[in-house]
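What follows is a set of notes on a single structure, which appears directly below.
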Amino acid sequence: MKSGVYRKVSATYLPTPIEPLDRLSDYLGGPRIWVKRDDCTGLSTGGNKARKLDFLIGDALDKGADCVVTIGSLQSNHARQTAAAAAKYGLSCYLLLQDNPKVSNEPRFIDNGNIFLDKLHGAKISIHSDGECLHSAMLRLVDTLRSEQRNPYVIPLGGSNFIGSLGYVQAANEILTQADSLDVEFDTLIHATGSGGTQAGLIVGLLTHQSPIKVVGVSVDTDATTKKERVNQLAREISQHLSLNLNQTRLENSIHVTDDYIGVAYGVPSTGSVHAVKLLAEREGLLLDPIYSGKAMAALIDQIKTRKFEKQANLLFLHTGGVASLFAYANSF
Ligand SMILES: *Cc1c(COP(=O)(O)O)cnc(C)c1O
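Counting in the numbering used here, the sequence shown runs from 139 upward without gaps.
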């Protein structure tokens, strides 16, 4: 892969393990379920933003940045891992976080979980109301920093531009190598999808290897059509920058998204996600979170129960992290 031309730091523990979840498979009486442990990437407890930040922080250092600026929700895992990566590489970090009135009235929400860790990493946080445009607020902050002779590096929502997504092009390689040595053929890879970089990177990476693994993104926010367009656009940007000649029709046909498991809204635990978090904690000793990985697991459980997969199939659940937010959502349990 040509991603070698992009400077990269190595804040991430790689490869992350792939393990069977046999007690879960037995319980559901369905196909064999495996988990790819991207919750174990390191960088302030781990999660999928670490792989992206290896490339983004590399680029920031390349460009001589002295600080990074990014946006997210109040309990953004991306914000927490960005704050940790910035600390590790000696950059200051500015986080613009959006209030979510649907949940922020819970007693532990505002000073626990990810926000608590953001502050511990020394990030400068500003909280913006629900209706405010975070992106414009970020552009204003960048202007101010430049007028103070600072050199800010802007990281988009979720770290999802083509540079960050290179982390998941590489993850696809990693998964194929591990599948080989485990001697397993994964049929479906299922994961939570938000800003789209994880899914776009995985799809591009798998397509370049002609892999038949079907990637299913479980949307945690927008409808499936919007999400597919976003993933498609990002995948095309990645393949342009890597000078891959991906067939457009094949690319489009490789993008699968379900929006059936969002629940009430983004950032609000659903009945299914709370159940999934409890089930995995009790049966596998594995922690998920109620906003991303729990909703993706709720989708997997439901699709096994409704017999969407062959009994002989091997399913790979990509654990994208999020566990730090559990402490902010303790009331939901
Ligand atoms: C950000 C995030 C996702 C979604 O990844 P995207 O690349 O933004 O689509 C999934 N799970 C967790 C825990 C996350 O923090």
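Note that the Cβ used here is the ideal one computed from N, Cα and C, for glycine as well.
For residue i, the first and last residue of its enclosing beta strand (DSSP E)
i: Gln236; result: 230-236
i: His394; result: 394-396
i: Leu456; result: 452-457
N- and C-terminal bounds of the alpha helix (DSSP H) containing residue i
i: Val322; result: No alpha helix (DSSP H) contains Val322, which DSSP labels as neither H nor E.
i: Lys433; result: 431-443
i: Ser411; result: 409-422
i: Asn391; result: 386-391
Simplified DSSP assignment, three categories, for residue i
i: Tyr291; result: strand
i: Leu469; result: Inspection of the sequence shows that residue 469 is occupied by Asn rather than by Leu. Three-state DSSP puts Asn469 in a helix.
i: Ile253; result: helix
i: Glu157; result: strand
i: Lys140; result: Reliability fails at Lys140, whose pLDDT of 49 lies under 50, so the model's placement of it is uncertain and no value is given.
i: His273; result: helix
i: Arg145; result: coil
i: Lys365; result: helix
i: Val402; result: coil
i: Asp427; result: coil
i: Tyr306; result: helix
i: Gly260; result: coil
i: Ser298; result: coil
i: Ser381; result: coil
i: Asn165; result: One point to set straight first is that residue 165 is Tyr, not Asn, in the sequence displayed. Here Tyr165 sits in helix by DSSP.
i: Leu283; result: helix
i: Thr315; result: helix
i: Leu152; result: coil
i: Ala462; result: helix
DSSP beta-bridge partners of residue i
i: Ala134; result: The structure shown has nothing for residue 134, since the chain only spans 139 to 471.
i: Ile265; result: Leu235
i: Arg170; result: Asn452
Those runs of the beta strand (DSSP E) which lie wholly inside the stretch 176-248 and span at least 3 residues | Correct list: 205-211, 230-236.
Is the stretch 364-375 touching the stretch 318-329 in the sense that three or more CB pairs, one from each, lie closer than 8 Å?
-> No, because fewer than three Cβ pairs between the stretch 318-329 and the stretch 364-375 fall closer than 8 Å, the two stretches do not touch.
Using 8 Å as the threshold, is the stretch 199-214 in touch with the stretch 282-295, meaning 3 or more CB pairs across them?
-> Yes, they touch.
Ordered list of beta strand (DSSP E) runs contained in the stretch 332-357, each at least 3 residues = List check, beta strand (DSSP E) in window: 352-357.
The stretch 221-238 contacting the stretch 272-279, beta-carbon criterion three pairs below 8 Å | The stretch 221-238 is in contact with the stretch 272-279.
Are the stretch 451-465 and the stretch 170-190 touching, with three or more C-beta to C-beta distances below 8 Å?
-> Short answer: they touch.
Sufficient close CB pairs (3 or more, under 8 Å) joining the stretch 339-357 to the stretch 371-381 | Proximity of the stretch 339-357 to the stretch 371-381 meets the contact definition, three or more beta-carbon pairs being nearer than 8 Å.
Can you find at least 3 beta carbon pairs, one from the stretch 276-283 and one from the stretch 244-255, that sit closer than 8 Å?
-> The stretch 276-283 makes no contact with the stretch 244-255, as fewer than three CB pairs between them are under 8 Å.
At a cut of 8 Å, does the stretch 412-421 reach the stretch 387-395 through at least three beta carbon pairs?
-> Segment contact: the stretch 412-421 against the stretch 387-395, fewer than three CB-CB distances shorter than 8 Å; contact not assigned.
Is there contact here, the stretch 424-434 with the stretch 398-412, by at least three beta-carbon pairs under 8 Å?
-> By the Cβ test, the stretch 424-434 is in contact with the stretch 398-412, since at least three Cβ pairs between them sit closer than 8 Å.
Three or more C-beta pairs below 8 Å linking the stretch 155-166 and the stretch 183-199 | No, they do not touch.
Three CB pairs or more closer than 8 Å across the stretch 255-265 and the stretch 223-230 | Three or more Cβ pairs closer than 8 Å define a contact, and the stretch 255-265 meets that threshold against the stretch 223-230.
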